[in-house]
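Heads up: take any position in the sequence shown, counting from 1, add 70, and you land on our numbering.
Heads up, the thing below is written out as structure tokens.
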Amino acid sequence: MVIVENTLRATEAAEQSQTGKFILAPYSTEALMLLVVLIWGTNYAIVKASFKQFSPLAFNAVRFILSSFLLYFIARSRGIDLRITRQEVLPIAGLSFLYITLYQIFFIEGIARTTTANSAMILAATPALVTVANHFAGGERMNTPMAIGAALAFLGLYGVIAGGAGKFSLTGSNVWGDVLTLGSVLCWSAYTVLARPHIKRFSPLKLTVLSNIFGTLPMLLWSLPAMQAQDWLAIDFNGWLGACYSGVFSIAVSYIIWNFSLAKIGANKTAIYSNFVPVVAVLTGVLFLNEHMSQMQILGAICVIAGIVLARWRMY
């Protein structure tokens with residue numbers, strides 16, 4: 071609860087900086103998005119360890135129940151009115167179903183059926199899909215530095231993934247997992263583009279609370295068989311700690327910041343940060359899981375960072 075409150079204070083400070091009250095504009099938003107990159111990058115190893123005790127769908131259900139209750143309590147304690155009009159119910163429910171229910175189901179079921187290398191490469195397409203979708207939807211226009219930066223970052227991601235032990239392949243037994251993972255990318259990309267008009271009407275916290283509640287309910291129905299089959303007594307302290315970390319940080323904290331960033335710097339600029347996540351995941355493996363980084367992966371990480379800097383440098 072304290073962590074989420076501090077996140078909200080940080081987003082409020084960044085919002086004030088955007089209005090010119092502080093000299094940090096617009097870099098407060100940058101710092102918050104780098105925090106999301108750090109959380110999502112390290113979350114991979116934590117989730118992977120938790121799957122030794124949880125089934126994927128049961129783990130997903132636990133972390134979203136936790137995040138929904140936490141966000142609701144924080145919103146109520148801050149006096150935020152969570153009521154919405156009848157005209158707003160369908161758009162919010164639709165967005166929630168898109169990026170909470172469908173995204174999470176596709177992602178969990180997809181990663182269970184394909185290789186880590188395939189999943190990471192497919193998920194790396196998110197910024198490019200967001201940029202293209204935004205361009206054709208009449209939103210933010212794609213300029214040359216943005217396109218070059220995104221391409222360089224994508225090339226770097228290939229180096230990070232292909233330079234590891236896994237091989238990228240779209241054939242054979244992995245194909246259904248690849249299709250499901252691509253479905254999760256399409257859901258997240260569509261949400262990132264479609265959500266901004268609604269984010270302008272709601273605060274990041276209100277939208278995050280509502281979307282978590284609306285999206286968690288149908289996801290729980292889908293996960294019910296897995297939850298019934300889960301051996302809950304076999305989960306130790308570390309397993310529950312992993313679920314709490316993932317629920318508080320990778321969902322509650324990160325989704326607030328993501329929605330805030332969509333409202334402040336737009337979909338294209340926000341999405342480009344997801345290119346950093348695989349790099350952090352690799353570094354986490356090197357530092358904490360005794361994994362090794364090849365020269366190709368190091369060069370790939372440099373390309374990712376350079377691509378994001380290039381794309382971001384000309385956006386203000």
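Cβ coordinates follow ideal geometry from the N, Cα and C atoms, glycine included.
All figures in this text were calculated on a predicted structure; none of them were measured in a lab.
Legend entry - Three-state secondary structure (DSSP) of K334: Numbered from 1 along the sequence shown, position 264 holds the residue referred to as residue 334. Here K334 sits in helix by DSSP.
Legend entry - Of the listed residues F134, Y343, F124 and L160, nearest to L388 (C-alpha basis): There is simply no residue 388 to check, as the chain begins at 71 and stops at 386 in what is shown.
Legend entry - Residue environment, P295, which counts as buried when at least 16 other CB atoms sit within 10 Å: Translated into positions along the sequence shown, residue 295 becomes position 225. So P295 ends up on the exposed side.
Inset, instruction - Would you please verify whether the beta carbon of R148 is less than 9 Å from any beta carbon of chain D? - result: Given the protein chain composition of this structure (a single chain), no chain D is represented.
Legend entry - Reduced DSSP category for K118 - H, G, I as helix; E, B as strand; rest coil: One-based indexing of the sequence shown puts residue 118 at position 48. When secondary structure is reduced to three states using DSSP, K118 falls in the helix class.
Inset, instruction - Indicate the three-state DSSP secondary structure (helix, strand or coil) for L369 in the structure shown. - result: The residue you call residue 369 lines up with position 299 of the sequence shown. Secondary structure of L369 (DSSP, three-state): helix.
Inset, instruction - Run the CB neighbour count on F272, radius 10 Å, all protein chains shown included, and call it buried at 16 or more, exposed below. - result: As a first step, residue 272 is located in the sequence shown; it is residue number 202 there, counting from the start. Counting Cβ neighbours within 10 Å, F272 comes out buried, since at least 16 surround it.
Inset, instruction - Give me the Cα-Cα distance between I368 and G226, rounded to the nearest whole angstrom. - result: Within the sequence shown, the letter at position 298 stands for residue 368. Within the sequence shown, the letter at position 156 stands for residue 226. Inter-residue distance for I368 and G226 is about 9 Å (C-alpha atoms, whole angstroms).
Legend entry - Buried or exposed (CB count within 10 angstroms, at least 16 for buried), V356: Indexing the sequence shown from 1 puts residue 356 at position 286. Here V356 is exposed, its C-beta having fewer than 16 other C-beta atoms within 10 Å.
Inset, instruction - Quick one: residues in its chain with C-beta nearer than 6 Å to the C-beta of A128, no 5 flanking neighbours on either side, listed in chain order? - result: Residue numbering aside, residue 128 sits at position 58 when the sequence shown is read from its first letter. The residues are A296, M297 and Q300.
Legend entry - Span separating the alpha-carbon of L311 from that of G317: To locate residue 311, count along the sequence shown from 1; it is residue 241. To locate residue 317, count along the sequence shown from 1; it is residue 247. Cα to Cα, the separation comes out at about 10 Å.
Inset, instruction - Rounded to whole angstroms, what's the CA-CA distance from N308 to S120? Just pull it up for me. - result: In the sequence shown, the residue the question calls residue 308 occupies position 238. In the sequence shown, the residue the question calls residue 120 occupies position 50. Just so you know, the alpha carbons of N308 and S120 end up roughly 8 Å apart.
Legend entry - Straight-line Cα distance separating I135 from T278: Sequence index remark: in the sequence shown, residue 278 carries index 208 (1-based). Sequence index remark: in the sequence shown, residue 135 carries index 65 (1-based). Distance between the alpha carbons of T278 and I135: 13 Å.
Inset, instruction - Put S259 into one of helix, strand or coil per three-state DSSP. - result: Mapped onto the sequence shown, residue 259 falls at position 189. Three-state result, S259: helix.
Legend entry - With 16 other Cβ atoms within 10 Å as the buried cut-off, status of Q174: Sequence index remark: in the sequence shown, residue 174 carries index 104 (1-based). By the neighbour-count rule (16 or more Cβ atoms within 10 Å), Q174 is buried.
Inset, instruction - Pick out whichever of N329, G247, V249 and T286 has its Cα sitting closest to the Cα of T262. - result: As a position in the sequence shown, residue 262 is number 192, starting the count at 1. Minimum Cα distance to T262 is reached at N329.
Legend entry - Unbroken stretches of the alpha helix (DSSP H), 4 residues or longer, contained in the region 305–358: Complete alpha helix (DSSP H) runs here, min 4: 307–315, 324–335, 337–341 and 346–358.
Inset, instruction - Go through its chain and collect everything with a Cβ distance to C314's Cβ below 7 Å, but skip five positions before and after it. - result: Numbered from its first residue, the sequence shown carries residue 314 at position 244. For C314, where only same-chain residues beyond five positions count, the Cβ hits under 7 Å are L136.
Inset, instruction - Count the other CB atoms, across all protein chains shown, that sit within 10 Å of the CB of P348; report buried if there are 16 or more and exposed otherwise. - result: Locating residue 348 in the sequence shown gives position 278, counting from the first residue. Result: buried.
Inset, instruction - Under 8 Å by Cβ, that's how I've got S331 and T99 pegged, so tell me the actual separation to the nearest angstrom. - result: As a first step, residue 331 is located in the sequence shown; it is residue number 261 there, counting from the start. As a first step, residue 99 is located in the sequence shown; it is residue number 29 there, counting from the start. A Cβ-Cβ distance of about 6 Å is found for the pair S331 and T99, placing them in contact under the 8 Å criterion.
Inset, instruction - From the DSSP output, in three-state form, read off I135 for me. - result: To locate residue 135, count along the sequence shown from 1; it is residue 65. In the structure shown, the three-state DSSP call for I135 is helix.
Legend entry - Straight-line Cα distance separating T155 from Y114: In the sequence shown, residue 114 corresponds to position 44, counting from 1. In the sequence shown, residue 155 corresponds to position 85, counting from 1. Approximately 37 Å, taken between the alpha carbons.
Inset, instruction - Indicate, with yes or no, if the ligand ATP has a heavy atom lying under 8 Å from the CB of C314. - result: Looking at this structure, you won't find the ligand ATP or any other ligand, since it has none at all.
Legend entry - Contact check, I218 vs G336, beta carbons under 9 Å: What you label residue 218 is simply residue 148 of the sequence shown in a count that begins at 1. What you label residue 336 is simply residue 266 of the sequence shown in a count that begins at 1. Taking 9 Å as the cut-off, the beta carbon of I218 is found no closer than this to the beta carbon of G336.
Inset, instruction - Please confirm whether L275 and L165 have their CB atoms less than 9 Å apart. - result: Along the sequence shown, one-based indexing puts residue 275 at 205. Along the sequence shown, one-based indexing puts residue 165 at 95. 9 Å or more divides the Cβ of L275 from the Cβ of L165.
Inset, instruction - Would you kindly work out how many angstroms separate the C-alpha atoms of Y386 and F319, rounded to a whole number? - result: Here the question's residue 386 lines up with position 316 in the sequence shown. Here the question's residue 319 lines up with position 249 in the sequence shown. Confidence is the limiting factor: at Y386 the pLDDT is only 46, short of 50, which leaves the residue's position unreliable and the question unanswerable from this model.
Inset, instruction - Could you pull out every residue in the same chain whose Cβ sits closer than 8 Å to the Cβ of L152, ignoring the five residues on either side in sequence? - result: For the purposes of this step, residue 152 is taken as the residue at position 82 of the sequence shown. Apart from sequence neighbours up to five positions away, the residues of its chain that approach L152 with a beta-carbon distance below 8 Å are Y142, A145, R146, K276, V279 and L280, ordered along the chain.
Inset, instruction - Check whether the Cβ atoms of L172 and S254 lie closer than 9 Å to each other. - result: For the purposes of this step, residue 172 is identified with residue 102 of the sequence shown, where counting begins at 1. For the purposes of this step, residue 254 is identified with residue 184 of the sequence shown, where counting begins at 1. Yes, they are a contact pair.
Legend entry - Other residues of its chain near L222: CB distance less than 7 Å, five sequence neighbours each side excluded: Sequence index remark: in the sequence shown, residue 222 carries index 152 (1-based). Closer than 7 Å at Cβ, skipping near neighbours: C373, A376, G377 and L380.
Legend entry - W110 classed as buried or exposed, judged by whether at least 16 other C-beta atoms fall within 10 angstroms: To locate residue 110, count along the sequence shown from 1; it is residue 40. By the neighbour-count rule (16 or more Cβ atoms within 10 Å), W110 is buried.
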